[in-house]
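Engineer:
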Amino acid sequence: AREQVARAQKLEAVGLLAGGIAHDFNNVLTTIVGAAHLASLDAPEGSDIAGEIEQIEIAAKRAQSLVHGLLTFARREPGKPQPVDLCGVVKEVARLLKASVPPTVKLDCSDAVGHKMVMADHTNLHQIVMNLSRNAAEAIGGEEGVISVRVAAVDGTPPELAERADGWMVMEIADTGPGMSAETRARLFDPFFTTKPLGKGSGLGLVVVAGLVEEMGGRIEVDSAPGEGAKFVIYLPATSQPEAAQEQRQSETPRGHE
Ligand code: ADP
Ligand code: MG
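For the sequence shown, position 4 (counting from the first letter as 1) is numbered 23 according to the working numbering, and the numbering increases by one without interruption.
Laid out in structure tokens, this is it:
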């Protein structure tokens, strides 16, 4: 519980920072990127100064992508919980990933039959699955690996969660990547924590995932050790409401996007 409070405070800090200064910061960065680009046109090709200007451009662009991540994060509207087919969302994401990511994605929904709806915001759920699958694919880093997703109804009540009449669903996203050290596991959900090279990772993916899972009233767990891959386990509130109710509600309250 203390860990959750600390995480919530970190999330709040990120949100405040983003809302307050990220926008102005972005304008400054645009100037730096633009000026560096103009300077690069005047610099003699292959000279030291050309290389240094290039470094400025790369660093400023990386800062821009961090700020962009912050803005997206801060402007996010609170989600609208509706009955969503969890396996359906995983299938959508798997289809999207196939276009860009080499590893095989295996999906097992056999233990979710007749009980596979969760109460969640569809877009946010999509983002959770997408972020975790992308991390899994990036950890594997090639074609030689498998991402296994399992969706199932939970028997009873998961640890640290309340009993619900409609029960709980679980989604497990496991990969055959290199796994992670105890140090990485401890800092996984810290804003800006990344072990990826410059320009590759923002360190915000899991911050967003944890925030969304919390908003949905669920819980996220990690199981990983060096050389043993990683498994993210997410519990979400199940619902016995049919999917038809979802479409009707969607047409009643269209969602505005900026
Ligand atoms: P990013 O992907 O931008 O680095 P994330 O918040 O998504 O940021 O992840 C933070 C860090 O957690 C990653 O840089 C990586 O070290 C570790 N991590 C996340 N998912 C996995 C995974 N499936 N296997 C191994 N390490 C992971
Ligand atoms: Mg990530």
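We put the CB at the ideal spot given by N, CA and C, even for glycine.
Determine the extent of the beta strand (DSSP E) in which D126 is found, giving its start and end residues.
Structural biologist: On the sequence shown, position 107 is the one that residue 126 refers to. Per the sequence shown, residue 126 should be read as Leu rather than Asp. Its beta strand (DSSP E) spans residues 123-130.
Engineer: Please state the DSSP three-state secondary structure of F251.
Structural biologist: One-based indexing of the sequence shown puts residue 251 at position 232. DSSP places F251 in strand when its eight states are reduced to three.
Engineer: Within the same chain, show all residues whose beta-carbon is closer than 7 Å to that of P121, passing over the 5 residues directly before and after it, in chain order.
Structural biologist: Within the sequence shown, residue 121 is the residue found at index 102, counting from 1. The residues are G161, E162.
Engineer: Are S282 and V228 close, meaning C-beta to C-beta below 9 Å?
Structural biologist: As shown, the chain starts at 20 and ends at 277. That puts residue 282 outside it, with no answer to give.
Engineer: May I ask you to report which of helix, strand or coil DSSP gives D104?
Structural biologist: Translated into the one-based positions of the sequence shown, residue 104 becomes position 85. Three-state DSSP puts D104 in a strand.
Engineer: Tell me which residues pass a beta-carbon proximity test against ligand 2: closer than 5 Å to any heavy atom, given in chain order.
Structural biologist: Taking each Cβ in turn, the ones that pass are N154, G224.
Engineer: Would you list the one or two residues that DSSP bridges to P210?
Structural biologist: For this step, residue 210 is matched to residue 191 along the sequence shown. Answer by DSSP bridge pairing: none, since P210 is not bridged.
Engineer: For D209, I'd like the list of residues in its chain whose CB is within less than 6 Å of its CB, leaving aside the five on either flank, ordered along the chain.
Structural biologist: In the sequence shown, counting from the first residue as 1, residue 209 sits at position 190. Excluding positions up to five away in sequence, the list is empty.
Engineer: Going by beta-carbon coordinates alone, are V137 and L255 separated by less than 9 Å?
Structural biologist: Against the sequence shown, residue 137 aligns to sequence position 118. Against the sequence shown, residue 255 aligns to sequence position 236. Cβ distance < 9 Å, so V137 and L255 count as in contact.
Engineer: Which full runs of the alpha helix (DSSP H) of 4+ residues lie inside the segment 31-89, going along the chain?
Structural biologist: 42-61, all fully within the segment 31-89.
Engineer: When you compare the segment 212-232 with the segment 64-82, are there three or more beta-carbon pairs, one atom per stretch, that lie closer than 8 Å?
Structural biologist: A contact between stretches requires three or more CB pairs, one per stretch, nearer than 8 Å, and the segment 212-232 meets this requirement with the segment 64-82.
Engineer: Hey, A249 and A155: beta-carbon distance below 9 Å or not?
Structural biologist: Counting from 1 along the sequence shown, the entry for residue 249 is found at position 230. Counting from 1 along the sequence shown, the entry for residue 155 is found at position 136. Contact: yes.
Engineer: Should R169 and G224 be called a contact, given that it needs their Cβ atoms to be closer than 9 Å?
Structural biologist: Locating residue 169 in the sequence shown gives position 150, counting from the first residue. Locating residue 224 in the sequence shown gives position 205, counting from the first residue. Their beta carbons are not under 9 Å apart, which means R169 does not touch G224 by this criterion.
Engineer: To which residues of the same chain is T258 closer than 7 Å at the C-beta, ignoring the five residues directly before and after it?
Structural biologist: Taking the first residue of the sequence shown as 1, we reach residue 258 at position 239. Only P102, M136, V137, M138, D185 meet the Cβ criterion.
Engineer: CB-CB under 8 Å to G98, same chain, minus the five flanking residues each way: which ones, in chain order?
Structural biologist: Position 79 of the sequence shown holds residue 98. The answer, listed in chain order, is A139, D140, T142, N143, L231, E234, M235.
Engineer: With distances taken from CA atoms, which of I77, C128, E71, F211 is nearest M190?
Structural biologist: The sequence position of residue 190 within the sequence shown is 171, counting from 1. Relative to M190, the option among I77, C128, E71, F211 whose CA is nearest is C128.
Engineer: With a Cβ-Cβ cutoff of 9 Å, do G164 and G196 count as a contact?
Structural biologist: Reading the sequence shown from its first residue, position 145 is the one you call residue 164. Reading the sequence shown from its first residue, position 177 is the one you call residue 196. Contact flag set, yes.
Engineer: Classify E202 as helix, strand or coil using the three-state DSSP reduction.
Structural biologist: Residue numbering aside, residue 202 sits at position 183 when the sequence shown is read from its first letter. DSSP places E202 in helix when its eight states are reduced to three.
Engineer: Does DSSP put E240 in a helix, a strand or coil?
Structural biologist: Locating residue 240 in the sequence shown gives position 221, where the first residue counts as 1. DSSP places E240 in strand when its eight states are reduced to three.
Engineer: Within the continuous alpha helix (DSSP H) that includes R153, where are the two ends?
Structural biologist: If you number the sequence shown from 1, residue 153 lands on position 134. Its alpha helix (DSSP H) spans residues 141-159.
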